[in-house]
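Enquirer: Handing you this structure, nothing more for now.
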Amino acid sequence: MDTTCFSESIYNLIPIDWKEPPQPPRYISIFKTSVKEDMQKHKTAMKTMGPPKVEVPSPKDFLKKHSKEKTLPPQKKFDRNEPKKPPVPLRTEHPVMGIQSEKNFINTNAADVIMGVAKKPKPIYVDKRTGDKHDLETSGLVPKYINKKDYGITPEYICKRNEEVRKAQEEYDNYIQENLRKAAMKRLSDEEREAVLQGLKKNWEEVHKEFQSLSVFIDSIPKKIRKQKLEEEMKQLEHDIGVIEKHKIIYIANKK
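Encoded structure:
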């Protein structure tokens, strides 16, 4: 029995609702990209859909009357004093014929060739076997510049520039030396040392006298601050007096 034949069944008598068959998948061309590129290739900016971007006209540039009319070129000024070209010869005119000269051109040319200096051929060089010729003088193969009289001599502008640099460096060195000399250390003489020492002691006595005049009870913040300030001043003065008394030779910076 053939397997393709369906056997009879009672279920085949049951009516079946008709259903619309599903749509096949949408067709997509495999040449889609190439077609787009081909279409874009043959398009131009001003033929298919107009220019890609048009500038919006300004209200100030409105259309004026007779602005679209063609204007004539500027008229040239006619000058009557300008020299005229020679007139064209007439048809009836003929050139003068039969003029003879007694000069012997053959002998003259022969004498010029004999007495003239032979023309030297231009020096060239060939760089290929096919015969490519080039100028030898500008090729760099001939020692042209080393035979000059000023070859190897420093140019004048470089000497001038070096002299300017040397003068500028010398002025800068003098300026630095002057500043160092002004800022050098200066030794304090014995008289000046004694005067400074006595001045410090006098200041210490004044601060100590002011410190002794403080009240016994320090019961407010301003009094405490004033007492601390006087104590710090006295300590600093005592330190300075001790340094000057300890060192007999003192150097100070020259601020002049």
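In the UniProt record's numbering, the protein residues as written are 1 to 256.
No residue lacks a Cβ here, since even glycine has one placed at the ideal position from N, Cα and C.
(1) Checking 8 Å against the spacing of the C-beta atoms, do I241 and L188 come in under that value?
(2) Could you give the distance in angstroms between the alpha-carbon of D135 and the alpha-carbon of E55?
(3) Looking only at its chain, what residues have a beta carbon closer than 8 Å to the beta carbon of K227, apart from the 5 residues adjacent to it on each side?
(4) Need the endpoints of the alpha helix (DSSP H) that R166 sits in, please.
(5) Rounded to whole angstroms, what is the Cα-Cα separation between K64 and K53?
(6) Would you identify the three-state DSSP class for K209, choosing helix, strand or coil?
(7) Pick out the complete alpha helix (DSSP H) segments inside the stretch 71–130, 4 residues or longer, and give them in chain order.
(8) Does the pairing of the stretch 228–235 with the stretch 200–210 give three or more beta-carbon distances under 8 Å?
(9) Could you say if the stretch 238–253 and the stretch 169–178 meet the contact criterion of at least three C-beta pairs nearer than 8 Å?
(10) In this structure, does DSSP put D17 in helix, strand or coil?
(11) Of the residues K32, I250, Q40 and K41, which one's Cα is nearest the Cα of E191?
(12) Determine whether the beta carbon atoms of R193 and I244 lie at a separation below 8 Å.
(13) Along the chain, where does the beta strand (DSSP E) that runs through K186 open and close?
(14) Where do the ends of the beta strand (DSSP E) carrying D240 lie?
(15) What is the C-beta distance between I124 and K133, in whole angstroms, given that I count them as a contact (C-beta under 8 Å)?
(16) Cα separation between L180 and K248?
(17) For L13, is the classification buried or exposed, using 16 other Cβ atoms within 10 angstroms of its Cβ as the cut-off for buried?
Expert: For this structure:
(1) Residue mapping note: residue 241 aligns to position 241 of the sequence shown, counting from 1. Residue mapping note: residue 188 aligns to position 188 of the sequence shown, counting from 1. No, the pair does not count as a contact, with Cβ atoms beyond the cut-off.
(2) One-based indexing of the sequence shown puts residue 135 at position 135. One-based indexing of the sequence shown puts residue 55 at position 55. Each residue's Cα considered, the two are about 57 Å apart.
(3) On the sequence shown, residue 227 is found 227 positions in, with the first residue counted as 1. So the list reads F211, L214 and I218, once near-sequence residues are dropped.
(4) Counting from 1 along the sequence shown, the entry for residue 166 is found at position 166. Segment E156 to K182, the alpha helix (DSSP H) holding R166.
(5) Position 64 of the sequence shown, counted from the first residue, corresponds to residue 64. Position 53 of the sequence shown, counted from the first residue, corresponds to residue 53. Each residue's alpha carbon lies about 25 Å from the other.
(6) For the purposes of this step, residue 209 is taken as the residue at position 209 of the sequence shown. K209 falls in the helix class under three-state DSSP.
(7) 105–115
(8) At 8 Å Cβ cutoff, the stretches touch.
(9) no
(10) The residue labelled residue 17 in the question sits at position 17 within the sequence shown. In this structure, D17 counts as coil in the three-state DSSP scheme.
(11) Counting from 1 along the sequence shown, the entry for residue 191 is found at position 191. Selected option, being the one with the closest Cα: I250.
(12) The residue labelled residue 193 in the question sits at position 193 within the sequence shown. The residue labelled residue 244 in the question sits at position 244 within the sequence shown. Contact check for R193 against I244 passes: the beta carbons are separated by less than 8 Å.
(13) Counting from 1 along the sequence shown, the entry for residue 186 is found at position 186. Per DSSP, K186 belongs to the beta strand (DSSP E) from M185 to R187.
(14) Residue numbering aside, residue 240 sits at position 240 when the sequence shown is read from its first letter. No beta strand (DSSP E) contains D240, which is instead part of the alpha helix (DSSP H) from I221 to K246.
(15) Stepping through the sequence shown from its first residue, residue 124 is reached at position 124. Stepping through the sequence shown from its first residue, residue 133 is reached at position 133. The pair is a contact, with the Cβ atoms about 5 Å apart (cut-off 8 Å).
(16) Stepping through the sequence shown from its first residue, residue 180 is reached at position 180. Stepping through the sequence shown from its first residue, residue 248 is reached at position 248. Looking at the two C-alpha atoms, the distance is approximately 25 Å.
(17) Numbered from its first residue, the sequence shown carries residue 13 at position 13. It counts as exposed.
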